[in-house]
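Contents: one structure, followed by commentary.
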Amino acid sequence: MKISREDVMKVAALANLELTDAEVETYRGQLDDILTYIDKLNEIDTSNVEPMAQVLAASADDSALREDAVVRSDVIAEVLRGAPDPAPPYFRVPRVIEK
Amino acid sequence: MVYYATLMAKVTQDATGILPEIMAGYEPVIGLEVHVQLKTATKAFCACSTRFGDPPNSNTCPVCLGLPGALPVLNKRALELGIRAALAIHLNVQETSRFARKNYFYPDLPKGYQISMYELPLATAGWLEIEHDGQTKRIGITRLHLEDDAAKNLHEGFADSAEKSYVDYNRGGTPLAEIVSEPDLRSPAEAYAYLTALKQVLLYTEVSDCNMEEGSLRCDANISVRRRGAEKFGTKAEVKNLNSFRYLQRALEYEIERQITVLESGGKITQETRLWNVAAGRTEPMRSKEFAHDYRYFPEPDLLPVRVSAAWRDEIASAMPELPEAKRRRFVRDFSITPYDAEVLASTRALAGYFEGVVRAGAPAKPAANWIQVELLRQLNDAGKEITESPVPPAELAALVAKVESGAINAATGKKVFARMFETGKPAAEIIAAEGFGQISDTGEIERLCREVIEKNPENAAKYRAGNEGVFKFFVGQVMRASRGQANPQAVNDTLKRLLS
C-alpha cells in the first residue's frame, strides 16, 4: 500500500476538501493505483537525463518576456458579478484575520 | 528618545524584566527576509498598472484575478530590476532560474498559489557591508528571488467588518524581489544597519522607491538566541509584520528578551511564526495554521525557465550607478573629508550629487561638506523640503563658501546670508550687496581692529592727541584696510574718536 488514509485526509485538508469516510477510502484506492503506476516509470534508468518541468524550452531571444507597458483590462465589473458575495468595487469574503 | 525609552521600559516589563547580566550571557542570531516592490509600470505577469492608490480593483485582469485559462507572461523590466538589485549586493545571477508555485488558500491570493522561486532562485551568494559602532561588517546574502505580491485584505471600516473582510486585488500580482540574508546579524542594531544599507542600495539603483508606508519595503526576521560561545544555533522564531525600522528594532529587542526568559526558566523555544503587535508592543504567536509551512512547491508549468544571458547581465552591470560604498570611499579619498561626513553626504544620490555640484563650482570640499551638513540640511529639515527642492543651488552655495573662505565675510555673517539665500532663493552676492552684509557692523570686531591699529602706531596716536587732527584720516584708512574695506565707516569714525580721546 503506497498511501494511507491519513495521507489522503492531509491532502484533502490542504486542498480544502471535506471527504466522507467512504470517499477517503475510494480516493485512497485510486491514488494508490496511480502511485503504483508511477513506480513502473521509476523502473526506467533516468540517471543521465535532466529532470524536465516544462515541455517548452526557453529560446535564446527574449520572446518569453513582456515589455513593461500598461494595457487596461476592464473585466472587473463582469468578474465581480460572478463573485459569490460582491460588494462593488470590492470582493467580499467571510472575515479572515490573522492575529 | 524619550518615547523610545518609555517603550523599552514597557517591553522589559512585559518580558518579566530579565537582568542585564543574564542577557549578556546570550547571543542573538538574526537573519532578515526583505520584500521589496520593484519599480515597474505593470505587474509581474500581466499588463495591469501597479499604481498605488487607484480605485479598488480597477487594476485587475483575468491573469491577476486568477481566472481559469489565463496565462502569465513575465515582465522584462521586473526581471531586469531583479538582476540589477542582485548585482548591487554582489550576488551571482543564475543563467537559469525557475518560477514555482507556492500553494496556500487565502482570499488575498486568487490563484490559490503564489508564483515565487524555490529551488532555482534568480541569484545566490552575495553580501552587503554594514557600518555599525564604527566597524564595517560584511553580511552574507543567501539569495534573491522574484515573486508576485498578494492582494490587500481590508478588515476594518465597513458596516459589516465584524463578519466580513473586503479584498482589493490592485496590489495582487505586483512584482517583488525577496532578499534573504544569512543569519549573520548579532543584534537589533545590526539588523537596523543592514536594513538601512539595503534600502540605500535599492534606492541608489532605482530598483524600488522603498516607501515603507505604501508597503514597498517589508521585512520579516528569523531570530534565535544561543549561549555566548556556543556553536550551534538555538531554535528560531520567525517574526512577521516588521514594516518600519522602529518596529524591526523593537520587535527584535522584545523577542530576544522573550526567548532568553523562556530558556532561563527551563523552557524550550517553539519553532513558530510570530506577529509583531504594534499596539501591544510585543510579538505574539500566529493563530496556529496547521499546514502553514506545507506549501507543496512545484515548478510553475505556465512559465518557461528564466534565462539570463551573460551579455544581458553585463549590460545591466555596466549601466549600474556608483553604489554607496564606492561613493563613500571616493569622497574620503578624493575630497579628504571624514568617513562620517562621507556617510552623511552619500546617504542619497541626490545629496551626493549636490555636494559634488558645490565642489565642482569651485568650493573647497571640507567647508562645502560642513555648510551642507550644518546649514543646508538643517534649513531643509526645518522647511520639510528634500535636497532636490533646495532653494539654494549648488553653484550659489559654492559662491557663498568662497566669500567666507576668502574672508570677505565672516562665518557668522555667512550663516545669516545663507538663511536669506534659503528664504529668497537669491544669489549670495546680491544679498551681501543689498543688505549690507559685506560691511562689518559688529562693534566688538571694529573696536578690536581700531585698538590694533592704534597700538601699532603710537607716534601718530600721540600726534592726534596733541591736537593734530590731520592724522585721524590715517587711522581710518588703516582700519578700513585691516577690514578689507568692509568695516562700517561711521562706526570706525565713532570708535576711533572714543579710543583716541
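Going line by line, the protein sequences match chains A and B.
First residue of the first sequence: 1, per the working numbering; consecutive thereafter.
First residue of the second sequence: 1001, per the working numbering; consecutive thereafter.
Think of the CB as a built atom: it goes at the ideal place given N, C-alpha and C, for glycine as much as any other residue.
> Measuring CB to CB, does Val1093 of chain B end up less than 8 Å from Arg1313 of chain B?
Replying inline: yes
>> Within the continuous alpha helix (DSSP H) that includes Arg1084 of chain B, where are the two ends?
In response: Segment 1076-1088, the alpha helix (DSSP H) holding Arg1084 of chain B.
> When the cut-off is 8 Å and only beta carbons count, does Asp106 of chain A lie next to chain B?
Replying inline: For residue 106 of chain A there is no data in the structure shown, the boundaries of chain A being 1 and 99.
> Nearest chain B C-beta to Ile76 of chain A closer than 8 Å, yes or no?
Replying inline: yes
>> From the DSSP secondary-structure annotation, give me the bridge partner or partners of Phe133 of chain A.
In response: Residue coverage of chain A in this structure runs from 1 to 99, which leaves residue 133 of chain A outside it and unanswerable.
>> Mapping the DSSP letters down to three states, classify Thr74 of chain A as helix, strand or coil.
In response: The sequence shown places Asp at residue 74 of chain A, rather than the Thr named in the question. Residue state, collapsed to three classes: coil.
> Does the pairing of the segment 1099-1116 of chain B with the segment 1031-1040 of chain B give three or more beta-carbon distances under 8 Å?
Replying inline: Contact between the segment 1099-1116 of chain B and the segment 1031-1040 of chain B is absent, because fewer than three Cβ pairs lie under 8 Å.
> At a CB-CB cut-off below 7 Å, which residues of chain B make contact with Tyr37 of chain A?
Replying inline: In chain order: nothing, as chain B lies at least about 19 Å away.
>> Against chain A, with Cβ distances strictly below 8 Å, would Val1073 of chain B count as a contact?
In response: yes
> Around the Cβ of Gln1135 of chain B, are there at least 16 other Cβ atoms within 10 angstroms (buried) or fewer (exposed)?
Replying inline: exposed
> CA-CA distance, Arg1246 of chain B and Pro1068 of chain B?
Replying inline: 42 Å
>> Going by DSSP, what residue range makes up the alpha helix (DSSP H) through Cys1219 of chain B?
In response: Taken as a continuous stretch (DSSP letters only), Cys1219 of chain B belongs to no alpha helix (DSSP H), being part of the beta strand (DSSP E) at 1217-1227.
> In the DSSP assignment, what are the bridge partners of Tyr1113 of chain B?
Replying inline: B:Asn1103
> Residues bridged to Thr1096 of chain B by DSSP?
Replying inline: According to DSSP, which records beta bridges pairwise, Thr1096 of chain B is partnered with B:Arg1307.
> Helix, strand or coil for Thr1495 of chain B per DSSP?
Replying inline: helix
> With a cut-off of 8 Å, does the C-beta of Asn42 of chain A fall near any C-beta of chain B?
Replying inline: It does not: the Cβ of Asn42 of chain A has no partner Cβ on chain B nearer than 8 Å.
> Under 8 Å between the Cβ atoms of Lys1366 of chain B and Pro1175 of chain B?
Replying inline: No; because the gap between Cβ atoms is not below 8 Å, this pair is not in contact.
> Any idea what DSSP makes of Gln1379 of chain B, helix, strand or coil?
Replying inline: helix
> So, is Ala1193 of chain B buried or exposed, given that buried needs 16 or more other C-beta atoms within 10 angstroms?
Replying inline: With 16 or more other Cβ atoms from the protein chains shown falling within 10 Å of its own Cβ, Ala1193 of chain B counts as buried.
> Are the Cβ atoms of Pro1364 of chain B and Glu1405 of chain B separated by less than 8 Å?
Replying inline: yes
> Taking the alpha helix (DSSP H) that Lys1199 of chain B falls in, what are its first and last residues?
Replying inline: 1188-1204
> Can you find a C-beta in chain A that's less than 8 Å from the C-beta of Ala1503 of chain B?
Replying inline: Given that chain B is displayed from residue 1001 to residue 1501, the structure contains no residue 1503 of chain B and the question cannot be resolved.
> Does any CB atom of chain A fall closer than 8 Å to the CB of Asp1149 of chain B?
Replying inline: no
> Name the chain B residues whose beta carbon is nearer than 7 Å to that of Arg92 of chain A?
Replying inline: Lys1164, Tyr1166
>> Here's the rule: buried if 16 or more other CB atoms are within 10 angstroms of the residue's CB, otherwise exposed. What is Glu1095 of chain B?
In response: exposed
> Under a three-way DSSP split, which group does Ser1181 of chain B fall into?
Replying inline: Ser1181 of chain B sits in a strand when the DSSP states are folded into three classes.
>> Determine, for Pro84 of chain A, whether the minimum Cβ-Cβ distance to residues of chain B falls below 8 Å.
In response: No, no contact with chain B.
> What first and last residue would you give for the beta strand (DSSP E) that runs through Tyr1026 of chain B?
Replying inline: 1026-1037
> Within 8 Å (strictly less), CB to CB, does Arg1226 of chain B reach chain A?
Replying inline: no
> Taking the alpha carbon of Glu1284 of chain B as the point to measure from, which residue in B:Ser1049, B:Phe1422, B:Glu1238 has its own alpha carbon closest?
Replying inline: The candidate whose alpha carbon is nearest that of Glu1284 of chain B is B:Glu1238.
>> According to DSSP, simplified to helix, strand and coil, what is Pro1175 of chain B?
In response: strand
> In whole angstroms, what separates the C-alpha of Leu1091 of chain B from that of Leu1120 of chain B?
Replying inline: 14 Å
> Any beta-carbon of chain B closer than 8 Å to the one on Ala53 of chain A?
Replying inline: Taking Cβ atoms only, chain B reaches closer than 8 Å to Ala53 of chain A, which makes this a yes.
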